[in-house]
Each structure stands twice: as C-alpha cells, then as structure tokens.
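Beneath this line is the structure, given in structure tokens, with notes to follow.
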Ligand SMILES: [Zn+2]
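Residue numbers (our numbering): 4 to 326.
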C-alpha cells in the first residue's frame, strides 16, 4: 500500500506544489533532473530540457569537443571524455566510437607522458575538465585491462579527485571492478548475477549503480533488474541513467526506464532521488527547476508516467503554493 499519500509521501521532501508566475498554470516543482548516462554526440541534446532533463553525465565522447561546451548552457553536461580500454578492447573499432572517443591503455605507468600509459590517459581527460573517468571492462567483446593497469588508472584518477565509472560486461568483470574499487557502474550488472557478497562489497565501497535497465532485452534485462533490486534493497545508491544515444530512445525523461526502476522496487521518493542526485557534484544547474503541470500523482504507481510531463524552467518563474 502507498501509506503516506501527501506530495512528500509520494514524491519526497523536495517536491513542492507551485504555479507558473506568467501563466498561472498549477503543478509540482522538483529539483533539476539528471540523466547519469548519455552520449551527447549521438543525440539531439537541444530537446532534453523540454523533455525535463536539465543535466547529463556523458559517459564516452570526444574530450576536446566536450571541453568546448558552454559551461552555463542547457543541458548542463559533466563528462568522462574518452573511454579508457585495453589495446583492441571495447568499444574501439565500433562504428559509433571513432578514435577520438577511445584511448587504449596498455601500460600501468604512473609517469606522465608515457605512450598508452595509465597516467597519460587520465591526465588527458582531466586536462579537458572531465568530472569522472570511464573504463570499459567488456570481456564479451575483446581484451580487458589486467588488474595492475586497472589499479593504476583508478589510483591516478583518485589522486586527481575523479571517480571511476566502469562498463562491466562478461564473465568475472564485476569482480574485477569491485577488486579495483571503482566508484560506480555505468550499467546495473546485466551479464552476470551479483551475489550477496558482491553486493555487500559494492555497498562497502559506497558504489553507485547507474540503472540503464531498458536498453536490455530478455534474460539480460531480468538479471539487471534483479541485481539492481537486491543492491537497492541492501542500501546501495542507484542513479537514473538511460545510455541515451544507444538505440532509439526518447530524448528527455524516459518513462520506460522509470517504470523498470519502479518494478525493481525503487519507487516514489526513492525513484525521484535517482533523478535528482547531483552526482558528480555540480553547481551549474542552480537557477533552474523541474515543473510538472497538473495534479500531483495520487499513488506511487502513477509516478513514472506522471514524470513524462516534466519540463525545465527558470526557478524564478515558479511560485510555491501551500500544500
Ligand atoms: Zn553508454
């Protein structure tokens, strides 16, 4: 049962009834919403704000072109820059992954400037103002880092204050990511089951798992959902992310992804929290808010579809009303 049917009970403590100052239209406002896994070079980003997304985390793109973005533009973008991968590893050679977005790292060297060295690759992304470092651990599609190289990348990123996000796919890759103490997973694990000890380890590391449930079909989708459900149930931190640019997905809030999260037991206030956590931390969305016109949802079941009405507005255009 839903229990608390107030706006806060259904949508969490930061939801407020409000109206637009210009039009008088009533609705609900929420903090800015973030999609924590996108690829900007593969989408029409100008449609994101109308679709309710104020901020994105780009997890694989050309660091030079990402660094040229307007810092105050909409959507606000934090980014990893290029994928770091083993020589010949995923996603090198893929049609959607030109050489500008992949760096092959074959040497665990922590000295700056070593060709294909760990520090060289991390320093390049840091130099382009990356907020995170993305590593590809895809044993299903080519070679992956040995433990020493991955450890060197993580050590180097952490030294520069950058969290590491791993794409984990194929046998043993979740264990490798846990062993290397990566900070987040770009996708809830979908090719392997996360057993109790893996989940306990992930939570002890304070890992964040980015959802991306709806990019999968069949058995992968079910494994991802059940892994994420177990992780969230044990207290793990889940972030909403769609892998936008991968396949044909709506540009904006994705109701399929929200429904999948809801089905994994991440509901109501917890669901809103996956969208509103500003991670990695960024002050750039100050001054904007999410507005959803109309009545607030009356039950937890209604929340995913209700969020389809979300749009981004200047915060000053919204007037709070008493509940
Ligand atoms: Zn991706």
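We put the CB at the ideal spot given by N, CA and C, even for glycine.
Which of helix, strand or coil does DSSP assign to residue 25?
-> In this structure, residue 25 counts as coil in the three-state DSSP scheme.
Would you call residue 101 buried or exposed, if buried means 16 or more other Cβ atoms sit within 10 Å of its Cβ?
-> Classification of residue 101: exposed, given that the 10 Å Cβ count is below 16.
State the start and end residues of the unbroken beta strand (DSSP E) segment that holds residue 294.
-> For residue 294, the uninterrupted beta strand (DSSP E) segment begins and ends at 291–296.
Residue 230 beta carbon near ligand 1 (any heavy atom closer than 8 Å) | False, no ligand heavy atom lies under 8 Å from that Cβ.
Where do the ends of the alpha helix (DSSP H) carrying residue 232 lie?
-> For residue 232, the enclosing alpha helix (DSSP H) covers residues 221–236.
Outcome for residue 95 when other beta-carbon atoms lying within 10 angstroms are tallied against a minimum of 16 = Within 10 angstroms of the beta-carbon of residue 95 lie 16 or more other beta-carbons, which makes it buried.
Can you give the Cα-Cα distance for residue 181 and residue 171, rounded to whole angstroms?
-> The alpha-carbon separation between residue 181 and residue 171 amounts to approximately 10 Å.
Quick one: is the Cβ of residue 42 within less than 8 Å of any heavy atom of ligand 1?
-> Yes, the beta carbon of residue 42 sits closer than 8 Å to at least one heavy atom of ligand 1.
Can you tell me the Cα-Cα spacing of residue 145 and residue 93, whole angstroms?
-> The straight-line gap from Cα to Cα measures roughly 6 Å.
Which of the three DSSP states, helix, strand or coil, is assigned to residue 310?
-> Here residue 310 sits in helix by DSSP.
If you draw a straight line from the C-alpha of residue 211 to the C-alpha of residue 166, how long is it?
-> The alpha-carbon separation between residue 211 and residue 166 amounts to approximately 11 Å.
Look up residue 247 in the DSSP assignment and give the residues it is bridged to.
-> DSSP output for residue 247 lists 41 as bridge partner(s).
For the 8 Å Cβ check, are there 3 or more pairs between the segment 177–193 and the segment 119–128?
-> A contact between stretches requires three or more CB pairs, one per stretch, nearer than 8 Å, and the segment 177–193 fails this requirement with the segment 119–128.
Considering only the beta carbon of each residue, do residue 277 and residue 214 sit closer than 9 Å?
-> Yes, these two residues count as a Cβ contact at 9 Å.
Looking at C-alpha atoms only, which residue of 190, 227, 51 and 304 is the closest neighbour of residue 262?
-> Checked all of 190, 227, 51 and 304; the closest Cα to residue 262 is 304.
Would you mind giving the Cβ-Cβ distance between residue 295 and residue 36, rounded to the nearest angstrom? I have them listed as a contact below 8 Å.
-> About 10 Å separates the beta carbons of residue 295 and residue 36, which is beyond the 8 Å limit, so they are not a contact pair.
Work out the CA separation of residue 248 and residue 315 for me, nearest whole Å.
-> Distance between the alpha carbons of residue 315 and residue 248 is about 21 Å.
Where are the alpha helix (DSSP H) runs, 4 residues long or more, that stay fully inside the segment 166–219, in chain order?
-> Whole alpha helix (DSSP H) segments, 4+ residues: 176–182 and 199–207.
Looking only at its own chain, which residues have a Cβ that is under 7 Å from the Cβ of residue 309, when we skip the five neighbours before and after it?
-> Excluding five sequence positions before and after residue 309, the CB atoms of its chain that fall closer than 7 Å to its own CB belong to 295 and 300, given in chain order.
Residue range of the alpha helix (DSSP H) that residue 127 falls in?
-> Counting along the chain, the alpha helix (DSSP H) containing residue 127 begins and ends at 121–130.
Say yes only if the C-beta of residue 92 is nearer than 8 Å to one or more non-hydrogen atoms of ligand 1, and no if none qualify.
-> No.
Look up residue 32 in the DSSP assignment and give the residues it is bridged to.
-> As computed with DSSP, residue 32 is found in a beta bridge with 19 and 294.
For residue 132, the nearest candidate out of 158, 157, 7 and 84 (CA to CA) = For the residues 158, 157, 7 and 84, the minimum Cα distance to residue 132 belongs to 84.
In the DSSP assignment, what are the bridge partners of residue 107?
-> Per DSSP, 88.
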